[in-house]
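In our numbering, the protein residues as written are 104 to 238.
Glycine is no exception: its CB is placed at the ideal position from the N, C-alpha and C atoms.
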């Protein structure tokens, strides 16, 4: 069984300080990390987000996200991520498309579809869903 907790402090959605605390099998992990983001565009409008993060002992990632807020209640996003998380191993590529429906100004339901590749022999499609809370 594994348990993970990530605590993040943010300032105006521009930079983050992260601390990862987790437990997997018999080994406990408590590592510091950092994340930085540059947002071009309005926070609640169409925007480009470029960023990078690293957690000591676990790995790092660099990402570019395009958020499209053309339709009032339908947030759309596309993302490209290069990462070696979660095992600080080979670099991998993630391509994600997200679409949602904003139920209230502070709550959106999301669906995600994407493709991941770690090596030529390790790749596949991904999918998921989630909730986004804004305040």
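Asked	Found
Local Cβ density within 10 Å of residue 176, reported as buried at 16 or more and exposed below that	exposed
Segment contact, 8 Å Cβ cut-off, at least three pairs: the segment 200-214 with the segment 185-192	no
Rounded straight-line distance, which links the Cα of residue 221 to that of residue 194	6 Å
Beta-carbon gap between residue 216 and residue 198 smaller than 7 Å	no
Separation of residue 168 from residue 181, as counted between CA atoms	6 Å
Proximal residues to residue 191 (C-beta, below 7 Å), its chain only, five neighbours per side dropped	160, 161 and 162
Rounded straight-line distance, which links the Cα of residue 237 to that of residue 165	24 Å
Candidates 226, 170 and 196: closest to residue 147 by CA position	170
Residue 138 versus residue 174: straight-line alpha-carbon distance, rounded	29 Å
Residue(s) in a DSSP beta bridge with residue 143	151
Run of the beta strand (DSSP E) containing residue 190, from where it starts to where it stops	Unbroken run through residue 190: none, as it is neither H nor E.
Nonlocal neighbours in the same chain, by C-beta distance under 7 Å from residue 129, ignoring five residues either side	At residue 129, the pLDDT of 46 sits below 50, so the modelled position is not reliable; the number obtained from the coordinates is stated separately. Counting only Cβ-Cβ distances below 7 Å, and skipping sequence neighbours, we find nothing.
Cβ-based neighbour list, residue 155, same chain, cut-off 8 Å, excluding 5 preceding and 5 following	138, 139, 163, 164, 165 and 166
3 or more residues per run - each beta strand (DSSP E) lying fully within the segment 196-236	210-222 and 225-236
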